[in-house]
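Asker:
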Amino acid sequence: SQQGEEDPQALSIQEGENATMNCSYKTSINNLQWYRQNSGRGLVHLILIRSNEREKHSGRLRVTLDTSKKSSSLLITASRAADTASYFCAPSNQGGKLIFGQGTELSVKP
Amino acid sequence: EAGVVQSPRYKIIEKKQPVAFWCNPISGHNTLYWYRQNLGQGPELLIRYENEEAVDDSQLPKDRFSAERLKGVDSTLKIQPAELGDSAVYLCASSRETGGLYNSPLHFGNGTRLTVT
Chain A
1 SQQGEEDPQA
11 LSIQEGENAT
21 MNCSYKTSIN
31 NLQWYRQNSG
41 RGLVHLILIR
51 SNEREKHSGR
61 LRVTLDTSKK
71 SSSLLITASR
81 AADTASYFCA
91 PSNQGGKLIF
101 GQGTELSVKP
Chain B
1001 EAGVVQSPRY
1011 KIIEKKQPVA
1021 FWCNPISGHN
1031 TLYWYRQNLG
1041 QGPELLIRYE
1051 NEEAVDDSQL
1061 PKDRFSAERL
1071 KGVDSTLKIQ
1081 PAELGDSAVY
1091 LCASSRETGG
1101 LYNSPLHFGN
1111 GTRLTVT
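Chains as they are written, first to last, in the numbering used here: chain A, 1 to 110; chain B, 1001 to 1117.
Printed below as a string of structure tokens:
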């Protein structure tokens, strides 16, 4: 199983603050993906980071990967109310499944 | 490009009744996935198709669930008979990539919320 486990389960911050979500997994991976899910909607892909990458940026998003610790983090800088959503990590290995964790529920208050 | 389309958006049925969900993936996406998402949980894979072949159905409860992807395009997931524990959101996703490598993102539909009473 490649299930990611997100931490914290819930996070509440003020607009403008940074939000950091962590993901841990148990075995070696090929890559790790982060997704966002707004209430009542499907998941939207945010970033894919490969096992040989340590950091990746996309706009206000920054993802890090530490394969020695089997962990990844998602940082959202200068958060906005529209960032309120659930965030899921999903590690995968070659030929395996993409298994989602339980997610971090982020609430950004205006 | 148009996204993944699912219907219906909501379905309420009584237990022991049959139900079916439909998914039209993004054009050109060879791989199609059905996931089930319980409240407060992440999606769990039920079945993965590459073209018209079900290449991973190990998590599909085959006694009551069935799926098909005729002509390798749209797909239908069926439950017969439904049980109370089947209440969940059923998500369809698609991707260009085949082979289970997951080097490309999955594109999800908005799901069908099933309530079994």
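Glycine included, every Cβ here is placed at the ideal spot set by N, Cα and C.
1) Three or more beta-carbon pairs under 8 Å between the stretch 63-78 of chain A and the stretch 47-55 of chain A, yes or no?
2) Who are the neighbours of H57 of chain A on chain B, taking C-beta pairs under 9 Å?
3) To be precise: take each residue of the stretch 1014-1047 of chain B, compare its Cβ to all Cβ atoms of chain A, and keep it if any distance is under 9 Å. Which residues remain?
4) Name the chain B residues whose beta carbon is nearer than 8 Å to that of L98 of chain A?
5) I'd like to know if N31 of chain A contacts chain B, where contact means its C-beta is closer than 8 Å to some C-beta of that chain.
6) What are the residues that DSSP puts in a beta bridge with H57 of chain A?
7) Shorter than 8 Å from the beta carbon of N1110 of chain B to some beta carbon of chain D?
8) Taking 8 Å as the threshold (beta carbon to beta carbon), is S92 of chain A in contact with chain B?
9) Using a Cβ-Cβ cutoff of 8 Å, what residues of the stretch 1078-1094 of chain B are near chain A? List them in chain order.
10) Would L48 of chain A pass as an interface residue toward chain B - the criterion being a Cβ-Cβ separation below 8 Å?
11) Excluding the 5 residues flanking V1011 of chain B on each side, which residues of the same chain have their C-beta closer than 8 Å to its C-beta?
12) Have a look at the DSSP bridge pairing and note the partners of E105 of chain A.
13) Skipping 5 residues on each side, what residues in its chain have a beta carbon closer than 7 Å to that of P110 of chain A?
14) At a Cβ cut of 9 Å, what residues of the stretch 19-45 of chain A count as close to chain B, listed as they run along the chain?
15) Distance cutoff 8 Å, beta carbons only. Does G101 of chain A sit that close to anything in chain B?
16) Excluding sequence positions up to five away, which residues of its chain have a Cβ less than 6 Å from the Cβ of T1031 of chain B?
17) Are the CB atoms of R36 of chain A and A85 of chain A nearer to each other than 8 Å?
18) I need the boundaries of the beta strand (DSSP E) containing Q1006 of chain B, first residue and last residue.
19) Is K26 of chain A helix, strand or coil when you go by DSSP?
20) If we define contact as Cβ-Cβ less than 8 Å, is S1007 of chain B a contact residue for chain A?
21) According to DSSP, which residues form a beta bridge with N127 of chain A?
22) Return the CA-CA distance between I993 of chain B and G59 of chain A, expressed in angstroms with no decimal places.
23) Just how far apart, CA to CA, sit K1016 of chain B and Y1090 of chain B?
24) Strictly by DSSP, which residues pair up with R1048 of chain B?
Answerer: Reading it off the structure:
1) yes
2) Reading the first sequence from its first residue, position 57 is the one you call residue 57 of chain A. None at all; the shortest Cβ gap to chain B is about 17 Å.
3) Y1033, Y1035, Q1037, G1040, Q1041, G1042, P1043, E1044 and L1045
4) As a working note, residue 98 of chain A is residue 98 in the first sequence. Correct list: L1045, Y1102 and L1106.
5) For this step, residue 31 of chain A is matched to residue 31 along the first sequence. With a threshold of 8 Å between beta carbons, N31 of chain A makes contact with chain B.
6) For the purposes of this step, residue 57 of chain A is identified with residue 57 of the first sequence, where counting begins at 1. Partner(s): A:R62.
7) Of the protein chains in the structure, A and B, none is chain D.
8) On the first sequence, residue 92 of chain A is found 92 positions in, with the first residue counted as 1. Against chain B, the CB of S92 of chain A has a partner CB under 8 Å away; the residue lies at that interface.
9) L1091 and A1093
10) Locating residue 48 of chain A in the first sequence gives position 48, counting from the first residue. In terms of beta-carbon proximity, L48 of chain A lines the interface with chain B, with at least one pair separated by less than 8 Å.
11) Residue numbering aside, residue 1011 of chain B sits at position 11 when the second sequence is read from its first letter. The question names Val, but residue 1011 of chain B is Lys in the sequence shown. Cβ contact annotation for K1011 of chain B (same chain, cutoff 8 Å, sequence separation greater than five): V1019, F1021, T1112, R1113, L1114 and T1115, in chain order.
12) Residue mapping note: residue 105 of chain A aligns to position 105 of the first sequence, counting from 1. BP columns for E105 of chain A point to A:A10 and A:S86.
13) Here residue 110 of chain A is taken as the residue at index 110 of the first sequence, counted from 1. Around P110 of chain A: E15 and A81.
14) N30, N31, Q33, Y35, Q37, G40, R41, G42, L43, V44 and H45
15) On the first sequence, residue 101 of chain A is found 101 positions in, with the first residue counted as 1. It does: the Cβ of G101 of chain A has a partner Cβ on chain B nearer than 8 Å.
16) Translated into the one-based positions of the second sequence, residue 1031 of chain B becomes position 31. Around T1031 of chain B: E1050, S1095 and T1098.
17) One-based indexing of the first sequence puts residue 36 of chain A at position 36. One-based indexing of the first sequence puts residue 85 of chain A at position 85. Cβ atoms of R36 of chain A and A85 of chain A: closer than 8 Å.
18) Within the second sequence, numbered from 1, the residue matching residue 1006 of chain B stands at position 6. V1005 to S1007 is the span of the beta strand (DSSP E), which, as asked, contains Q1006 of chain B.
19) One-based indexing of the first sequence puts residue 26 of chain A at position 26. Of the three classes helix, strand and coil, the one that applies to K26 of chain A here is coil, per DSSP.
20) On the second sequence, position 7 is the one that residue 1007 of chain B refers to. No, S1007 of chain B lies away from the interface with chain A (no Cβ there is under 8 Å from its Cβ).
21) Nothing in the structure corresponds to residue 127 of chain A, since chain A is present only between 1 and 110.
22) As displayed, chain B neither begins before 1001 nor continues past 1117, which places residue 993 of chain B out of reach and without an answer.
23) Mapped onto the second sequence, residue 1016 of chain B falls at position 16. Mapped onto the second sequence, residue 1090 of chain B falls at position 90. Answer to the nearest angstrom: the Cα atoms are 18 Å apart.
24) Sequence index remark: in the second sequence, residue 1048 of chain B carries index 48 (1-based). In the DSSP output, where bridge partners are listed per residue, R1048 of chain B has B:Y1033 and B:D1056.
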